[in-house]
Amino acid sequence: MEKLSPVLECCGVSHWFGTNNVLHEVDLKILRGEIVSLVGPSGCGKSTLLRAIIGTHPPCKGKVVVHNIDGSANTVTRPGRDRGIVYQRYTLYPFLTAKENVAFGLMLDQSSLAGRLFKYFNWRRLRKDHLQQAEELLVKLKLGAALNLYPHEMSGGMCQRVAIAQALIMKPEILLLDEPFGALDEATREELQQMLLSLYAENCLMQREGKEPPYTVLMVTHELNEAIYVSDRVVALSQYWDWQGVGHVVCPGATIVYDNLAPVFQPGDQRDYVAFETQRQTIRNAAFEPDILQDSQQFKQFWEDVMQGKGKGVLA
Amino acid sequence: MIRGRLGHRKAMAFSVISVVVLLLLYTWLSIRQHQINPSDTTIPDWGQLCDGVKQMISPHPRTGEVWLFEDSLATGYRLFCGLSWGVLGGFVIGVLMGCFRIVEAVLGPPVKLFAKIPPTAALAVFFVVTGTENQMYLAMIAFGVLPVLAQSVYLAVREVPQELIDKSYTLGASNLEVVWCVIVRFILPKLLDAIRLQIGPAMVYLIAAEMVFGHVGFGYRIRLQQKLLNMSVVYPYLALLAIFGFMMDYVVSLMQRLFCGWYVQGGKR
């Protein structure tokens, strides 16, 4: 546990639109190698928090800090190269093939417009290398047959996998998934969940070898089973908490009301919905019941559990 | 069925049939008119039309000019240059308006205003500002198509999903790269569509201006010959104009197929 460094810190993040309070003093620290699921009722501000982390809507109060692997840290003010994002509607560049889509970020990151224009032959060499890297990653994600297909020629699941590859190839400090499987059928959804578990398994392997886990993921999802199955930690954001108990007259916005470990699964492990039931019910009570307003600290045992060595996977 | 598919051969057959029907209709009208007045020149028969075409492609006995060559060169040059300037201006202004709110705030109202003024109604203004040389025709076409194109490009830029732009930043793109590598590539097929739609209006502006101020060009020749009721020259010129427009349209659509295969194949067109 001591070896794990934080990747993302939300410090007292509050956000509001006019008189509409959305987020209230959200504090969240994510460690390198974790796969964290963010759940919560509709309209609680999950996407607003994600936008604050991406940097398209910086918080009205508080700050979001990204800790880079080289030890530096930067406060988020705009979207940046250190945070990868995958949206629900698999936003791919429609004018590029799967391979080109994945190589697109490498091109933007490792070359400039002027360089591509005036050092054409250098650029061609670099381009070849980028396409090779993109191809290797797509093959790893079982998309070898779709390398030269345009997004309109691929299924939703394939597009989403390309979108994930597009973000992963950049090796972001943290990968943000905004309801990534929401528009997919059940079979494809399960396939992509397995893919996330594979990434987590790779994290564990790297950690055992004494290296930094390469993938840190924050996933927004509606599906509680998915959250528990895929991630090693579940965080719930909700506006249903006892804000009157701490002296507010009107609801100041949603805050984190649940933060706990989730069971760690290996790729291929079967989901046991019955085993999830207790945790699901607790999350429902903590975050989804408008009539049960509880102390926001009541269901947040993550750090205590980790300190006591109850964490598994990369948290072990 | 609405939007039902039609085979390529069938579509071609229907196109040929429509042209043949038009030609037959013209032939019938011409025969009928010549029965009433055998020396009629308003609806010339095919023989008269051939004489008109010969007149167009033969050197003029007095000046030695070949009308078709001189007029095509003048009109083609004006149309190409005027359209190019209009497209360039419309593209740059549209992209800037779509990308930057401040440019939108500054240029939006004048662009909307100019788009409502038909350039043919402002002929006198172009005449006063640029004189009667080629600049006038170029300015007229350019200012005619520019506001409409700028608006089309602006709307296309606004249609680029915000998520795509945000994602580009997360992939390390600079502002310039987002504009050039994402927005321009995304809107390119729509820009080409907009250019295709502006070819017709550009020709209207040019012919109208040539009719009023020209010394050479399709509009000048048509006006001159129609005064003489020499329709055997006017009709071939009109046909040539149509072919001219069709070829330009074809070239742009070819560019669309070449550079925006994803758009054409994607069923968006």
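First to last, the protein sequences are chains A and B. Counted from 1, the first sequence has number 25 at position 25 by this note's numbering; the numbering is strictly sequential. Take any residue in the second sequence, note its place counting from 1, add 1000, and you have its number in this note's numbering. We put the beta carbon where it would ideally sit given N, CA and C, even for glycine.
Between the CA atoms of residue j and residue i - distance to the nearest angstrom
| i | j | result |
| --- | --- | --- |
| Arg1269/B | Cys60/A | Confidence is the limiting factor: at Arg1269/B the pLDDT is only 49, short of 50, which leaves the residue's position unreliable, though a coordinate-based value still follows. Answer to the nearest angstrom: the Cα atoms are 44 Å apart. |
| Ala163/A | Gly1094/B | 29 Å |
| Ala316/A | Pro1161/B | 41 Å |
| Gln194/A | Phe181/A | 12 Å |
| Leu1029/B | Leu1188/B | 45 Å |
| Leu108/A | Phe1014/B | 49 Å |
| Leu218/A | Glu34/A | 8 Å |
| Asp27/A | Val36/A | 14 Å |
| Gln110/A | Ala286/A | 45 Å |
| Asn74/A | Cys159/A | 31 Å |
| Val1016/B | Lys119/A | 51 Å |
| Pro6/A | Leu31/A | 4 Å |
| Gln1135/B | Val1252/B | 24 Å |
| His1034/B | Val1020/B | 21 Å |
| Leu96/A | Leu1197/B | 26 Å |
| Leu1023/B | Ala1121/B | 35 Å |
| Val1125/B | Leu1113/B | 16 Å |
| Ile1002/B | Tyr1263/B | 22 Å |
| Glu380/A | Ser1084/B | Because chain A here runs from 1 to 316, residue 380/A falls outside it and cannot be looked at. |
| Tyr273/A | Lys312/A | 20 Å |
DSSP-derived helix/strand/coil call for residue i
| i | result |
| --- | --- |
| Ile283/A | helix |
| Glu101/A | Just to set this straight, residue 101/A is Asn in the shown sequence, not Glu. Asn101/A: helix per DSSP, three-state reduction. |
| Pro1061/B | coil |
| Phe181/A | coil |
| Met154/A | coil |
| Tyr200/A | helix |
| Leu1171/B | coil |
| Arg83/A | strand |
| Leu168/A | helix |
| Ala316/A | coil |
| Thr91/A | coil |
| Glu223/A | coil |
| Thr1120/B | helix |
| Ser296/A | coil |
Residue of the options minimising C-alpha distance to residue i
| i | options | result |
| --- | --- | --- |
| Tyr150/A | Leu141/A, Ile174/A and Leu92/A | Leu92/A |
| Lys29/A | Asp259/A, Gln166/A and Asn225/A | Asp259/A |
| Gln270/A | Glu191/A, Thr75/A and Ala287/A | Glu191/A |
| Glu173/A | Asn21/A, Gly18/A, Ile54/A and Thr19/A | Ile54/A |
| Glu153/A | Pro94/A, Lys63/A, Glu277/A and Glu25/A | Pro94/A |
| Ala1150/B | Phe1091/B, Thr1130/B, Leu1164/B and Asp1249/B | Phe1091/B |
| Glu1159/B | Tyr1205/B, Gly1098/B and Glu1177/B | Gly1098/B |
| Arg280/A | Gly71/A, Ser155/A, Gly311/A and His222/A | His222/A |
| Gly45/A | Val13/A, Val66/A, Gln88/A and Asn68/A | Val13/A |
| Gly268/A | Leu205/A, Val65/A and Val230/A | Val230/A |
| Thr278/A | Ala146/A, Val65/A, Leu261/A and Leu184/A | Leu261/A |
| Val1204/B | Leu1068/B, Val1184/B and Gly1082/B | Gly1082/B |
| Ala134/A | Asn122/A, Arg116/A, Leu168/A and Gly115/A | Leu168/A |
| Gly1089/B | Leu1171/B, Leu1113/B and Ala1139/B | Ala1139/B |
Proximity test, Cβ basis, 8 Å: residue i and chain B
| i | result |
| --- | --- |
| Met219/A | no |
| Pro79/A | yes |
| Thr278/A | no |
| Pro94/A | yes |
| Met195/A | no |
| Met113/A | Before going on, a small fix: residue 113/A reads as Leu here, not Met. It does; some Cβ of chain B falls within 8 Å. |
| His152/A | yes |
| Gly84/A | yes |
| Phe17/A | no |
| Gln297/A | no |
| Ile174/A | no |
Short CB-CB distance (under 8 Å) between residue i and chain A
| i | result |
| --- | --- |
| Val1182/B | yes |
| Asp1193/B | no |
| Lys1167/B | yes |
| Ala1156/B | no |
| Arg1185/B | yes |
| Gly1098/B | no |
| Leu1176/B | yes |
| Leu1171/B | yes |
| Leu1164/B | yes |
| Pro1201/B | no |
The ligand FAD heavy atom lying under 7 Å from the CB of residue i
| i | result |
| --- | --- |
| Lys211/A | Absence of the ligand FAD from the depicted structure is noted, as is the absence of any ligand whatsoever, leaving it without description. |
Check whether the segment 35 to 44 of chain A and the segment 218 to 238 of chain A are in contact - that is, three or more C-beta pairs closer than 8 Å.
yes
Please confirm if the segment 1040 to 1050 of chain B is in contact with the segment 1229 to 1248 of chain B, defined as three or more CB-CB distances below 8 Å between the two stretches.
yes
Do the segment 297 to 308 of chain A and the segment 249 to 266 of chain A make contact, defined as three or more Cβ pairs closer than 8 Å?
Short answer: they touch.
Are there three or more Cβ pairs, one per stretch, closer than 8 Å when the segment 1055 to 1073 of chain B is compared with the segment 1116 to 1124 of chain B?
no
Between the segment 1062 to 1078 of chain B and the segment 1210 to 1219 of chain B, are three or more C-beta pairs nearer than 8 Å?
yes
Please determine if the segment 244 to 255 of chain A and the segment 199 to 218 of chain A are in contact, where contact requires at least 3 C-beta pairs separated by less than 8 Å.
no
Measuring CB atoms only, is the segment 81 to 89 of chain A touching the segment 1138 to 1154 of chain B, in the sense that at least three cross pairs come out at less than 8 Å?
no
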